[in-house]
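For the protein sequence lines, the chains are A and B, in the order given. Note that UniProt numbering gives residue 302 to position 302 of the first sequence, counting from 1, and the numbers run on in steps of one. Note that UniProt numbering gives residue 27 to position 27 of the second sequence, counting from 1, and the numbers run on in steps of one. What follows is a set of notes on a single structure, which appears directly below.
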Amino acid sequence: MRRLRSLVLALATILLAFVAVGCTSSRAQSDSKTIVFWNPFTGPDGTSMQKLVNEYNATKPEYPVKNISLTEGDMYAKIPTIVNSGRGIPDLQIVHVERIKDYVHNGILDTYDQYLSNYPNIKSSNYVQEAWNGGSYEGHRYGIPLDIHTFVMYYNKDLVAKYCPEALDDNIVTFDEIKAAGEKAKKDGITALGLTWWKPNYLSMLGQQGGELTKNGVDPTLNTEPAKNTLNFYKSLYAAGITSRDGQDPMQLFLTGKEIFHPEGIWMVNQIRESKIKFGLTNAPQVSADPKKMVNWSSSHQFVLLKQAKRNTAKTKATLKFINWVRTHSIHWAEAGQNPASQAITKNKAYQKMGQSFLLKSKTEQESLRIFDYRYNGYVADFLDRYALDPVFGKTSIEKYLKDMQSTVQDKIDAQITD
Amino acid sequence: MDSTTTHVAAGAKAQTRRKSSKPYLYLLPHLVIFTIFFLVPLVFGIYVSFTKWDLVRTPRFVGLQNYQTILFSNSTFHTQLVEGLRNTLWFVLISVPFCILVPLLLAVALNAKPKFGKFFQGLFYLPSLFSISAVVIVWTLIFNPNYGPLNSLFHLNQVWTGTQPWAWMTIVIVTIWWTIGGNMIIYQAALNGIPKDYYEAADIDGASSWEKFLHITLPSIRGQFLYTLVTTTIAQFNIYGQPLMMTNGGPNGSTSVLMMYIQQNAFGAGQSLAGLASAMAVVLGVCILIVSMIQFYFLRRDY
């Protein structure tokens, strides 16, 4: 009997503990004087964000910030669930800009509109245009950009000097220049171009071919002439034998000095720096040498407010105070290899010496940054990430690939729960 | 009946009741966890399959529409279900026999008490303790076409995970290696329980080792065999991590298993299509149920 009683007691304790945990987590975030800040920065960039938050908290604000970094997949899976449950919602959240429109339609976001008048410096002219524009939708502001991160191209300085010393004269490397270098380098077993993460490569080329994901903002236009040209272009590059091969790891080739050009995100700079390679950064590969026609695929991390039934006004204002502070202190963010979206950073001497700073240096460069923002972008991204380079490697036909992409995205849109 | 008898009878009844409620009390911890983490999600998941839901708003009831879409329409989701199920079934068909046979043979070998038997037992069991991510990372390095030991050892130039049938082969090999331990331990326990007299009697009758295996070992472990067959089949139907990380469903979608489509529809980068994904999951569940029942039917006879 005694054993039975202790068993019941133990069970009751466990249950109570569960209930207690539930209560504290739901109460803590709405009333406490801590701004709970969720972000997907779990790599080296997480350290930079923590530094930034520590520095802000050292200024002794009334509402200090609590930095919580989650792995990206987990974070995006959690967001709808916590907003739905109404519990444990963070006060400030970082999401990729391409998520915003979809989130607005799902009722996941609150706007900044009523708070912005208190922070006149959070305005268009203080941010990189493309990133700032991505944060607004249907006349309301839902996102304030932290950065604009671009898919650029790394190059091996020694190999460039050997095979194509003139390619970087104008800081635009064209595919023709890459091909010419590839033909020379082939006999030495050197790859001219790495076939890296397909989505930004594909979209960047699609943009250069004049293609768009949508014409009217709603219906996908994925099976088009520019899309066909994009795939044919890459297919012929692959056939010419100057790119990395199917199954090869282009990053490995680059880090071991066997690849001249390596398109990759600016955020990867720390990993590449660890190798002994002498490298530089330049624009993503272009079809045309005309700077006005340049396209550099970009995305942006944006500060957003997840919907809260009872929003605490004082705390929200304090949240904007933090965002405004980050605007003028984002040098730590640049140290992680990122490009802060704040124009203030461009005047920072330390920043100007950083490899990625060329992207914000001139108006032409800033205008080349292109965010492929589309309400249903997520479905396009899912397709491109899953089927990737299959048509380039000849595993499927270009026609079938584009037809499938169009119908998959369209069918998913049609299957959505409507407003 | 006098009052004393009634009292005694009532007391005995109460005692039986108390006695009979005791097992349930011991079951309670498991029952609570089972209900919270299995039963509730199961029922809710079946309910969601009859709705449209984005994980945020209230699910909207649409009746059998999701099932109509995935089973009978000519939409993407129908193609996903057919291709996903076909790829999953294909994987189950080629992997389950190995996942049963290899551990069985190893268990029989270990049962002969060879030298360093315990060491090998530990060695074979070890992979089961790793997470699938760690397992896949190790094997991806082995199969790496450029600097993997496999290609360099045999002077090959094969893209193992990028072409068929090699893509399936790599997935199956990794799965076998990863899952040997669990079934092997069960078979070992079963083999230990077979009385030695059977074998001695067979020896006197002059039976060969093969005959002993066929007529003594196998029938004696029939129960465990059925159990592992069913659980292994269920586990392989739910395959997800291996193709996701090794082949990303390629080449050209040929290793995209149903769980990958379910996951992408429910938790992809765009708005969640949780209703359709749940309907696909229910269909997968029904398939598993049918296959398990068939296996039971064939193996339970005269057992």
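Each residue gets a CB set at the ideal place from its N, CA and C atoms; glycine is no exception. Note that this is a predicted model, so its numbers are computed, not measured.
Comparing C-alpha positions only, which one of the options sits nearest to residue i?
{"i": "B:PHE298", "options": "B:ARG60, B:ARG222 and B:ASN238", "result": "B:ARG222"}
{"i": "A:PHE303", "options": "A:ASP110, A:THR42, A:ASN54 and A:PRO61", "result": "A:ASP110"}
{"i": "B:TYR47", "options": "B:ALA281, B:LEU289 and B:ILE290", "result": "B:ALA281"}
{"i": "A:LEU146", "options": "A:VAL97, A:VAL218 and A:TYR234", "result": "A:VAL97"}
{"i": "A:THR319", "options": "A:ASN57, A:TYR63 and A:ALA180", "result": "A:TYR63"}
{"i": "A:LYS293", "options": "A:TYR56, A:GLY210 and A:ARG327", "result": "A:GLY210"}
{"i": "B:ALA112", "options": "B:ILE33, B:ASN74 and B:THR217", "result": "B:THR217"}
{"i": "A:TYR387", "options": "B:ARG300, B:LEU25 and B:SER254", "result": "B:SER254"}
{"i": "A:MET153", "options": "A:PRO250, A:GLU274, A:TYR238 and A:ASP219", "result": "A:PRO250"}
{"i": "B:GLN121", "options": "B:THR79, B:GLN188 and B:TYR227", "result": "B:GLN188"}
{"i": "A:PHE233", "options": "A:LEU369, A:THR256, A:VAL53 and A:LEU206", "result": "A:LEU206"}
{"i": "B:LEU191", "options": "B:LYS115, B:VAL108, B:LEU229 and B:VAL172", "result": "B:VAL108"}
For residue i versus residue j, is the C-beta distance shorter than 9 Å?
{"i": "B:GLN263", "j": "B:ALA277", "result": "yes"}
{"i": "A:TYR103", "j": "A:TYR142", "result": "yes"}
{"i": "A:ALA336", "j": "A:ALA350", "result": "no"}
{"i": "A:GLN352", "j": "A:THR174", "result": "no"}
{"i": "A:GLU130", "j": "A:GLN366", "result": "yes"}
{"i": "A:ARG375", "j": "B:ALA269", "result": "no"}
{"i": "B:PHE50", "j": "B:GLY63", "result": "yes"}
{"i": "A:ALA284", "j": "A:SER204", "result": "yes"}
{"i": "residue 429 of chain A", "j": "A:VAL128", "result": "With chain A represented from 1 up to 419, any question about residue 429 of chain A goes unanswered, as that position is not in the structure."}
{"i": "B:PRO145", "j": "B:GLN164", "result": "no"}
{"i": "A:GLU264", "j": "A:SER244", "result": "no"}
{"i": "residue 423 of chain A", "j": "A:ILE266", "result": "For chain A, the structure presents residues 1 to 419; residue 423 of chain A sits outside this window and is missing."}
{"i": "A:LYS199", "j": "A:ASP385", "result": "yes"}
{"i": "A:HIS301", "j": "A:ILE94", "result": "yes"}
{"i": "A:ASN84", "j": "B:LEU273", "result": "no"}
{"i": "A:ILE108", "j": "B:ARG60", "result": "no"}
{"i": "residue 324 of chain B", "j": "B:LYS52", "result": "Coverage of chain B is limited to positions 1 through 303, which leaves residue 324 of chain B absent and any answer about it impossible."}
{"i": "B:ILE100", "j": "B:THR175", "result": "no"}
Quick one: residues in its chain with C-beta nearer than 7 Å to the C-beta of residue i, no 5 flanking neighbours on either side, listed in chain order?
{"i": "A:ASN324", "result": "TYR119, ASN121 and ILE122"}
{"i": "B:THR161", "result": "PHE143, ALA167, THR170, MET246 and THR247"}
{"i": "A:SER26", "result": "Residue placement at A:SER26 is flagged as unreliable, the pLDDT there being 44, under the threshold of 50; a coordinate-derived value is accordingly withheld."}
{"i": "A:MET75", "result": "TRP38 and PRO40"}
{"i": "B:ILE288", "result": "ILE234 and PHE237"}
{"i": "A:SER299", "result": "HIS96, VAL97, GLU98, HIS149 and ILE371"}
{"i": "A:VAL160", "result": "ALA167, LEU168 and ILE260"}
{"i": "A:TYR56", "result": "VAL65, PHE322 and TRP325"}
{"i": "B:LEU110", "result": "GLY117, PHE120, GLN121 and GLN188"}
I'd like the list of long-range same chain contacts for residue i, defined as Cβ closer than 6 Å, with 5 residues on each side in sequence excluded.
{"i": "A:LYS215", "result": "THR221"}
{"i": "A:LEU402", "result": "ASN223 and ALA227"}
{"i": "B:ALA279", "result": "SER49, ASN66, TYR67 and ILE70"}
{"i": "A:ILE413", "result": "TYR376"}
{"i": "A:ASN171", "result": "THR282"}
{"i": "B:PHE130", "result": "none"}
{"i": "A:GLU182", "result": "For the sequence presented, residue 182 of chain A should be read as Gly rather than Glu. Within the same chain, A:GLY182 has close Cβ partners ALA192 and ILE242."}
{"i": "A:VAL19", "result": "Residue placement at A:VAL19 is flagged as unreliable, the pLDDT there being 45, under the threshold of 50; the coordinate-derived value follows with that caveat. Here the set comprises nothing."}
{"i": "B:TRP177", "result": "PRO127"}
Mind listing the chain A neighbours of residue i? Cutoff is C-beta to C-beta under 9 Å, in chain order.
{"i": "B:LEU64", "result": "Neighbours of B:LEU64 on chain A: none; closest Cβ ~15 Å, over 9 Å."}
{"i": "B:GLN264", "result": "ASP382 and ARG386"}
{"i": "B:GLY162", "result": "ASP246, GLY247, PHE393 and LYS395"}
For a contact defined as C-beta to C-beta under 8 Å, what are the partners of residue i on chain A?
{"i": "B:THR247", "result": "Within 8 Å Cβ-Cβ: nothing; B:THR247 doesn't reach chain A, min ~11 Å."}
{"i": "B:VAL283", "result": "None at all; the shortest Cβ gap to chain A is about 16 Å."}
Name the chain B residues that come within less than 7 Å of residue i, Cβ to Cβ?
{"i": "A:ASN106", "result": "ASP54, VAL56 and GLN271"}
{"i": "A:ILE417", "result": "LYS52, TRP53, ASP54, ARG57 and ARG60"}
{"i": "A:THR408", "result": "THR76"}
{"i": "A:ALA77", "result": "PHE267"}
{"i": "A:GLY241", "result": "By Cβ distance, chain B contributes nothing, its closest Cβ being about 14 Å from A:GLY241, past 7 Å."}
So with CB distances below 9 Å, who are the chain B contacts of residue i?
{"i": "A:ILE148", "result": "Near A:ILE148 there are no residues of chain B at all, since even the closest Cβ is about 19 Å away, more than 9 Å."}
{"i": "A:GLY88", "result": "Within 9 Å Cβ-Cβ: nothing; A:GLY88 doesn't reach chain B, min ~15 Å."}
{"i": "A:THR396", "result": "PRO251, ASN252 and GLY253"}
So residue i contacts chain A; which residues on that side make the cut at Cβ distance below 7 Å?
{"i": "B:LEU276", "result": "ALA415"}
{"i": "B:VAL159", "result": "ASP246 and GLY247"}
{"i": "B:PRO165", "result": "Near B:PRO165 there are no residues of chain A at all, since even the closest Cβ is about 14 Å away, more than 7 Å."}
{"i": "B:PRO145", "result": "GLY247 and GLN248"}
Which chain B residues sit within Cβ distance under 8 Å of residue i?
{"i": "residue 436 of chain A", "result": "With chain A covering 1 to 419 only, the question about residue 436 of chain A has no answer from this structure."}
Which same chain residues end up closer than 8 Å to residue i when comparing Cβ atoms and leaving out the 5 residues on each side of it in sequence?
{"i": "B:GLU211", "result": "ALA202"}
{"i": "A:THR71", "result": "PRO40 and THR42"}
Across the stretch 311-319 of chain A and the stretch 186-193 of chain A, are there enough close Cβ pairs to call them in contact, namely three or more that are closer than 8 Å? no
Taking contact to mean at least 3 C-beta pairs separated by less than 8 Å, is the stretch 183-195 of chain B in contact with the stretch 103-118 of chain B? yes
Should the stretch 118-131 of chain B be called in touch with the stretch 194-213 of chain B, which here means at least 3 C-beta pairs below 8 Å? no
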